[in-house]
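Visitor:
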Amino acid sequence: GVFMSMGRLSVLTFLPLYLTEDLQYTSLGLGFYLMLLYLMGMVSQPVMGVVSDRFSRKVVLLPAYATLGLLYLFLPATTNGIQLGLVIGAMGLFFYGTGNIATAAVMDLSASEVQGSTMSVMSVFRHVFTLPSPIIAGVIATEFGTEAAFLYAGVLLLLGAVVIFTIKLPPKPAPAGD
């Protein structure tokens, strides 16, 4: 979840700047693309939840992280509004729902007596590493251009995919009461 949070916060920081300053979109255009990001996430979250419950958290998280990482890398290569909309819409499919699935994975791995404590410690840990991410992205964007912030975020997500690949998660969530 740390790599996802770091990448997501960097994208949330620099996507509006990229759209308005680099691509010269109006406030209306910015609003449209951000709405698209949220809308696609709203549509995909229930599906991702059902798939992760039925099959496994890893079946959802691994391809979601890898795909989102690749989409971040591809974002600056879009050449028109339709391509941009397709990439941002595809990003939205994975942008928000993965956090809930990652939380469910942590719950799957922790004993029921310490789930609250586990989530609290995980949240603090994630925030400690996530908070400097927009600053790091800002340094990168200042040095190499706004588009480089998306490359940074993409690399973070691909690293997150590698971590998820190496973590042993239960093949399927345990039924309630087990």
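Numbering (this note's numbering), first residue to last: 19 to 196.
Virtual Cβ for every residue (Gly too), placed ideally from N, Cα, C.
Model, not experiment: these values are computed from the prediction.
(1) Under the rule that 16 or more other beta-carbon atoms within 10 Å means buried, what is Phe113, buried or exposed?
(2) Tell me the rounded alpha-carbon separation between Tyr43 and Leu102.
(3) On a CA-only basis, which of Ile106, Phe21, Arg72, Leu89 is nearest Leu54? Give me that one, please.
(4) Since Tyr90 and Ala171 should fall inside the 8 Å C-beta cutoff, what is the C-beta to C-beta distance between them, to a whole number of angstroms?
(5) Helix, strand or coil, according to DSSP, for Phe73 in the structure here?
(6) Only counting runs of 4 or more residues, tell me where the alpha helix (DSSP H) segments fall wholly within the segment 97–163, in order along the chain.
(7) Which value, in whole angstroms, describes the spacing of the CA atoms of Met125 and Ser151?
(8) Are the CB atoms of Leu174 and Met15 within a distance shorter than 8 Å?
(9) What distance in whole Å lies between the Cβ atoms of Pro188 and Ser74, which are believed to be in contact at a cut-off of 8 Å?
(10) Closest to Tyr56 by C-alpha separation, out of Glu161, Ser138, Leu30, would be which residue?
(11) Under 8 Å: do the segment 60–67 and the segment 143–159 share three or more Cβ pairs, one atom per stretch?
(12) Using a Cβ cut-off of 8 Å (strictly closer), state whether Phe113 contacts chain C.
(13) State yes or no: is the C-beta of Leu177 within less than 8 Å of the C-beta of Phe21?
(14) For a test of the three-state rule: what should DSSP assign to Gly19, helix, strand or coil?
(15) Starting from the C-beta of Ser70, find all residues in its chain whose C-beta is less than 6 Å away, skip the five residues before and the five after it, and write them out in chain order.
(16) For a quick check, are the C-beta atoms of Thr121 and Met137 less than 8 Å apart?
(17) Could you give the distance in angstroms between the alpha-carbon of Lys186 and the alpha-carbon of Met58?
(18) Output the boundary residues of the alpha helix (DSSP H) element that contains Tyr170.
Guide: Inspection of the coordinates gives the following:
(1) The residue given as residue 113 occupies position 95 in the sequence shown. Counting other Cβ atoms within 10 Å of its Cβ, Phe113 reaches 16 or more and is therefore classed as buried.
(2) Taking the first residue of the sequence shown as position 1, residue 43 is located at position 25. Taking the first residue of the sequence shown as position 1, residue 102 is located at position 84. Just so you know, the alpha carbons of Tyr43 and Leu102 end up roughly 12 Å apart.
(3) As a first step, residue 54 is located in the sequence shown; it is residue number 36 there, counting from the start. Comparing Cα positions, the closest option is Ile106.
(4) Taking the sequence shown and counting its residues from 1, one reaches residue 90 at position 72. Taking the sequence shown and counting its residues from 1, one reaches residue 171 at position 153. 5 Å between Cβ atoms; contact.
(5) In the sequence shown, counting from the first residue as 1, residue 73 sits at position 55. Note: Phe73 maps to coil in three-state DSSP.
(6) Runs found: 99–113, 115–127, 133–148, 151–162.
(7) Residue numbering aside, residue 125 sits at position 107 when the sequence shown is read from its first letter. Residue numbering aside, residue 151 sits at position 133 when the sequence shown is read from its first letter. The straight-line gap from Cα to Cα measures roughly 26 Å.
(8) Shown here, the chain extends from 19 to 196; a query on residue 15 therefore has no answer.
(9) Mapped onto the sequence shown, residue 74 falls at position 56. Mapped onto the sequence shown, residue 188 falls at position 170. Going by Cβ atoms, the distance from Ser74 to Pro188 rounds to 7 Å, so yes, they are a contact pair.
(10) To locate residue 56, count along the sequence shown from 1; it is residue 38. Here the closest residue by C-alpha is Leu30.
(11) The segment 60–67 and the segment 143–159 do not touch, with fewer than 3 CB-CB distances between them shorter than 8 Å.
(12) In the structure shown, chain C cannot be found, because there is only a single protein chain.
(13) Position 159 of the sequence shown, counted from the first residue, corresponds to residue 177. Position 3 of the sequence shown, counted from the first residue, corresponds to residue 21. The answer is yes: Cβ separation under 8 Å.
(14) Counted from its first residue, the sequence shown places residue 19 at position 1. Correct three-state label for Gly19: coil.
(15) Against the sequence shown, residue 70 aligns to sequence position 52. Hits under 6 Å: Val78, Ile119.
(16) Here the question's residue 121 lines up with position 103 in the sequence shown. Here the question's residue 137 lines up with position 119 in the sequence shown. Going by C-beta atoms, Thr121 is nearer than 8 Å to Met137.
(17) Here residue 186 is taken as the residue at index 168 of the sequence shown, counted from 1. Here residue 58 is taken as the residue at index 40 of the sequence shown, counted from 1. Each residue's alpha carbon lies about 29 Å from the other.
(18) To locate residue 170, count along the sequence shown from 1; it is residue 152. 165–184 is the extent of the alpha helix (DSSP H) around Tyr170.
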